[in-house]
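Notes follow once the structure below has been shown.
There are 2 protein chains.
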Amino acid sequence: MQTAVATAKVLIGGEWRESDAEGVFEPENPATGEKLGREFPLSRWSDCDRALSAAVEAAHALEKTPPEKIAVFLEAYAKELEADAEAIVQAAHEETALPASPRLKDVELPRTTDQLRQAAAAARQGTWRRPVIDQAKGLRSCYAPIGPVVVFGPNNFPFAFNGVSGGDFAAAIAAGNPVIAKAHPLHAYTSQRMAEAAGRALKTAGLPAATVQMIYKLNHENGARLVSDPRIGAVGFTGSKGAGLKLKHAADTAGKPIYLEMSSLNPVLFLPEGLKENAQKWARELADSCTLGSGQFCTRPNLALAIAGDATEAFMQELTAAIASREPHAMLSSTTRDQLHESIEALQQAGATLLTGGKNVPGKGYRYSSTLLRVSGKNFLKAADGLQREAFGNEVMAIVAADEAELLQVLEHLEGQLTGTVYSAASGADDALYGRLAPVLRRKVGRLLNDKMPTGVAVSPAMNHGGPYPATAHPGFTSVGIPTSIARFTALQSYDNVRPDRLPDFLRG
Amino acid sequence: MQTAVATAKVLIGGEWRESDAEGVFEPENPATGEKLGREFPLSRWSDCDRALSAAVEAAHALEKTPPEKIAVFLEAYAKELEADAEAIVQAAHEETALPASPRLKDVELPRTTDQLRQAAAAARQGTWRRPVIDQAKGLRSCYAPIGPVVVFGPNNFPFAFNGVSGGDFAAAIAAGNPVIAKAHPLHAYTSQRMAEAAGRALKTAGLPAATVQMIYKLNHENGARLVSDPRIGAVGFTGSKGAGLKLKHAADTAGKPIYLEMSSLNPVLFLPEGLKENAQKWARELADSCTLGSGQFCTRPNLALAIAGDATEAFMQELTAAIASREPHAMLSSTTRDQLHESIEALQQAGATLLTGGKNVPGKGYRYSSTLLRVSGKNFLKAADGLQREAFGNEVMAIVAADEAELLQVLEHLEGQLTGTVYSAASGADDALYGRLAPVLRRKVGRLLNDKMPTGVAVSPAMNHGGPYPATAHPGFTSVGIPTSIARFTALQSYDNVRPDRLPDFLRG
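Those protein sequences? They're chains E and Z, same order as listed. Okay, so the first sequence: first residue is 98 according to the working numbering, each after it adds one. Okay, so the second sequence: first residue is 98 according to the working numbering, each after it adds one.
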């Protein structure tokens, strides 16, 4: 494309304005490798600085805004997204190569608007404030907005985790915080289109114009500076461990709460009695789950664990065949594919054996062959760090332990995970073993599953999309599930002997 | 004292054992400067290592322990402390120079046992688990113990914040976590005596012997290693900002949640109409509060703010006289006094003027003259960082702003605080001004007070003994107030499609 295109604008202080850019980037269609004919800015610090000052003003204005208006905004935003669904889905499809239907149109967009509406309900009900009144001591407490929230969205969900529309966004807004969204450059136009919808909804609801702001890209130094700026309240981040840990270091040093969802291998245990009956069925379920959407989900199963035996060998044969037969789809970018390949090479160097896959697929689109690795429990224990390198994509590694004791040792050596799953015999024949393994797995994971793959993450008040480090940076919080996820963006405030007419409404009496 | 004394033992794995010590220290009586004839060990890493391994075992055993037993332990511990009250109070009095009565015997010890009993009630009720059941989606969630908790107690509360008996201890235990207490060397024997009581209570309740462990002192390197050890779940710390930030860096880098209560100036605003009526009364209240216990409270008022005018000058005169007339008591140690003096010198170098005090008091005991400093709002704004240096002790600095606008600017420049207080006219004559100032102060503090000094910290479910950085490291948590404080030592756990008989009792149905 040689047409001269205007660089997209950034949304700061309620206006789409020219970025003070230090460069530009041109997104491409990962299914074809062709440029999409659009240009987006790499913002200088001055863009952040303006957004931060506007966010502070908005935060103060939001303190005086009735929750009803926030709810109206979130609902109006959901409606605006639905009204523009066709264009948004098309944009995301072009930018990510994810299927327009069912994935984007029928699953992710409805999930996103549902999440916004759940956040609206939570804003209206105000249960997140958890008011406590101790009349005898004249003390009252509640949770309050924490201040401007910076949200970094990931590459793999253009809607549901997008900094300008996803779970962190909805949770931060529900508690009355303005959001500065750092869109992911891999779906810049999708984000622009959504931010435009947000802008219209802000007008409908009459919220401060700087309640929602958005920039597209920052260099690392400015990213670190943004999360440690005195003007912010907290940060939400979903993405890679490498990028996440850099931001965490900056935020920690500045004393800013940062919530990161970084990495997870989502181990799935297949217990021996159940495997005897279900080797084929479970192998196919696993193959489907770890290759779905090219495995580009935080909760795809990346590790399968079993105890050596005939049933396990049968399972491994079925699994090898099933994985080999799954057609790879285009990944989100050439970088995503390159990183997957590097990880698979590194896992082999650390001691895993390649059973199928392990290479780029030629032709259009950044496709990678669905991959299965295998390692013994003994060899895993020799290199437990290297063999827990995340391979983000359509890959799974089977760890076959010699016996129960070795399997327990493997579990003890697992890092913190978002999820952990146990498949076992319906008859109860594995139950005694489950009783010995599950407590160890339970301590390592945010969500424990039985008999189903972990990839789906329901937006439910009982969801935990979180887990011990390094899955996240704090095991007490979830990034999915309303109202629980809202707690991340709140500060505890007490009122001691404060005169009645000076108290917030919900703390009177 | 030249009597050969045995070095005290450390409590590890349920036994009082010889420390693998790299040195010893001999506590003194700060009221006399004389050694107390006791010797305590500076532990090597091997002491920590043993304690950590024992704590992991205890944590696993506690997972299977009925909450009733934990409650029984906490109540039995409270009883044991009461039974040994005379000796414990005497020990603390000798080690800290704090008055045996009313402070230690009639205030702090009852507060401590009350806190243990409130924690017992919370353990029994289990509300801290906050169970959520989503039957439609087959999802359940609750909070669970986070794992072994390391608690660093401060110098200023030998009972109520002691690592082996205070608020962090009670909260961590209530959630089913074992505690490794790092006693404060300034009340080592008091801590030993309390840990002995805890040991007896563990036997009464039949809890794992390593549920409570204690060491006395560590070098900085081992302290940092302890808070970043993979075997721990979280850390609670109360103490200086310098020590706290070092531990925070280590824990953050290892991905371990650390809760710190570090520093606070606790600003108190005196509004002009009220000052006209109350200059003398308020000056005396402030003088009493900031000199109480030699000002060695996290919540002592260290900053007084007012707008220039005749009433403020009258207030300043009263305050100068009142502060000058308060007899200083012995401080906790020579170091505490030295640091207070250094801070007062530094505040003067940064622009404050000394009105009274500012020097060591000769004679027995580490006493420091009660001190009042003054600075204009304009000069404060020129050196807002240097003038917010904490002076831990019987000192207060008055900031006199030229007008409301300057006072607002001063408030905007305040760091995060545990508390912020506004005194105003009972008539309502200051209410319009309150309405403009309070929102700014509210954002800076964990607890907002009206018309009373902030020094008292009630153990109430509505208390917030926390606040924005650097008062603490996360504004969403409190270290005082049950059950709220328990949340710090818990992890969120979901159960997805888990078979009913495998669920915790309280998540069935």
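In this text, a Cβ means the ideal position worked out from N, Cα and C, and glycines have one as well. Since this is a predicted model, take the numbers as computed values, not measurements.
When DSSP labels each residue in this structure, what does residue i get in the three-state scheme?
{"i": "glutamate 487 of chain E", "result": "coil"}
{"i": "proline 207 of chain E", "result": "helix"}
{"i": "glutamine 310 of chain Z", "result": "strand"}
{"i": "aspartate 602 of chain Z", "result": "helix"}
{"i": "proline 138 of chain Z", "result": "strand"}
{"i": "tyrosine 240 of chain E", "result": "strand"}
{"i": "glutamate 191 of chain Z", "result": "helix"}
{"i": "serine 467 of chain Z", "result": "coil"}
{"i": "threonine 162 of chain E", "result": "coil"}
{"i": "alanine 253 of chain Z", "result": "Going by the sequence as given, residue 253 of chain Z is asparagine instead of alanine. Three-state DSSP puts asparagine 253 of chain Z in coil, outside helix and strand."}
{"i": "proline 364 of chain E", "result": "strand"}
{"i": "threonine 388 of chain E", "result": "helix"}
{"i": "alanine 559 of chain E", "result": "coil"}
{"i": "alanine 529 of chain Z", "result": "helix"}
{"i": "isoleucine 579 of chain Z", "result": "coil"}
{"i": "tyrosine 356 of chain Z", "result": "strand"}
{"i": "asparagine 476 of chain E", "result": "helix"}
{"i": "methionine 428 of chain E", "result": "coil"}
{"i": "threonine 396 of chain E", "result": "coil"}
{"i": "methionine 98 of chain E", "result": "Low confidence applies to methionine 98 of chain E: its pLDDT is 44, below 50, so where it sits in the model is not reliable enough to give any reading."}
Assign residue i to one of two classes, buried (16 or more other C-beta atoms within 10 Å of its C-beta) or exposed (fewer than that).
{"i": "phenylalanine 603 of chain E", "result": "exposed"}
{"i": "glutamine 99 of chain E", "result": "For glutamine 99 of chain E, the predicted model reports a pLDDT of 48, less than 50, meaning its position is unreliable; a value from the coordinates is still stated below. Flag for glutamine 99 of chain E reads exposed."}
{"i": "lysine 541 of chain Z", "result": "buried"}
{"i": "threonine 335 of chain Z", "result": "buried"}
{"i": "histidine 426 of chain E", "result": "buried"}
{"i": "proline 565 of chain E", "result": "buried"}
{"i": "glycine 525 of chain E", "result": "exposed"}
{"i": "serine 361 of chain E", "result": "buried"}
{"i": "alanine 419 of chain Z", "result": "buried"}
{"i": "glutamine 310 of chain Z", "result": "buried"}
{"i": "alanine 103 of chain E", "result": "exposed"}
{"i": "glutamate 358 of chain Z", "result": "buried"}
{"i": "serine 576 of chain E", "result": "buried"}
{"i": "proline 305 of chain E", "result": "buried"}
{"i": "serine 116 of chain Z", "result": "buried"}
{"i": "arginine 226 of chain E", "result": "buried"}
{"i": "proline 124 of chain Z", "result": "buried"}
{"i": "aspartate 598 of chain E", "result": "exposed"}
{"i": "lysine 161 of chain E", "result": "exposed"}
Flag residue i as yes if its beta-carbon sits less than 7 Å from any beta-carbon of chain B, otherwise no.
{"i": "tyrosine 566 of chain Z", "result": "Chain labels in this structure do not include chain B; the protein chains are E and Z."}
Verify whether the separation of the beta carbon atoms of residue i and residue j is less than 7 Å.
{"i": "serine 557 of chain E", "j": "lysine 176 of chain Z", "result": "no"}
{"i": "aspartate 144 of chain E", "j": "valine 107 of chain E", "result": "yes"}
{"i": "asparagine 274 of chain Z", "j": "proline 242 of chain Z", "result": "yes"}
{"i": "alanine 257 of chain Z", "j": "alanine 173 of chain Z", "result": "no"}
{"i": "phenylalanine 394 of chain Z", "j": "tyrosine 520 of chain Z", "result": "no"}
{"i": "alanine 559 of chain E", "j": "serine 238 of chain Z", "result": "yes"}
{"i": "glycine 448 of chain E", "j": "alanine 480 of chain E", "result": "yes"}
{"i": "alanine 292 of chain E", "j": "phenylalanine 170 of chain E", "result": "no"}
{"i": "glycine 517 of chain E", "j": "proline 364 of chain E", "result": "yes"}
{"i": "aspartate 429 of chain Z", "j": "proline 127 of chain Z", "result": "Note that residue 429 of chain Z corresponds to leucine in the displayed sequence, not to aspartate. Yes. Within cutoff."}
{"i": "leucine 469 of chain E", "j": "threonine 433 of chain E", "result": "no"}
{"i": "tyrosine 465 of chain E", "j": "leucine 437 of chain E", "result": "yes"}
Checklist entry - Quick one, which residues of the region 353-370 of chain Z are near chain E if we go by CB-CB under 8 Å, in chain order? => result Lys353 and Pro354
Checklist entry - When Cβ atoms are compared, which residues of the region 224-239 of chain Z fall closer than 7 Å to chain E? => result Val229, Ile230, Asp231, Lys234, Leu236, Arg237 and Ser238
Checklist entry - Which residues, in order along the region 238-258 of chain E, keep a beta-carbon less than 7 Å from a beta-carbon of chain Z? => result Ser238 and Ile243
Checklist entry - Just by C-beta distance, which residues in the region 103-127 of chain E are closer than 7 Å to chain Z? => result none
Item to check | Three-pair Cβ contact test at 8 Å for the region 317-327 of chain E versus the region 527-546 of chain E | outcome: no
Checklist entry - Going along the chain, which residues of the region 546-567 of chain E sit with their C-beta nearer than 8 Å to a C-beta in chain Z? => result Leu546, Asn547, Asp548, Lys549, Pro551, Ala555, Ser557, Pro558, Ala559, Met560, Asn561, Gly563, Pro565, Tyr566 and Pro567
Checklist entry - How do the region 401-414 of chain Z and the region 548-563 of chain Z stand: do at least 3 beta-carbon pairs fall below 8 Å, yes or no? => result no
Next on the checklist: Tell me whether the region 374-383 of chain Z and the region 326-344 of chain Z touch, counting them as touching only if at least three CB pairs, one residue from each stretch, are closer than 8 Å.
Outcome noted: no
Next on the checklist: Counting beta carbon pairs with one atom in the region 585-600 of chain E and one in the region 197-217 of chain E, are three or more of them shorter than 8 Å?
Outcome noted: no
Checklist entry - Taking Cβ-Cβ distances below 9 Å as the criterion, which residues of the region 300-330 of chain Z are in contact with chain E? => result Gly330
Checklist entry - Hey, is the region 428-443 of chain Z in contact with the region 406-416 of chain Z, meaning 3+ C-beta pairs nearer than 8 Å? => result no
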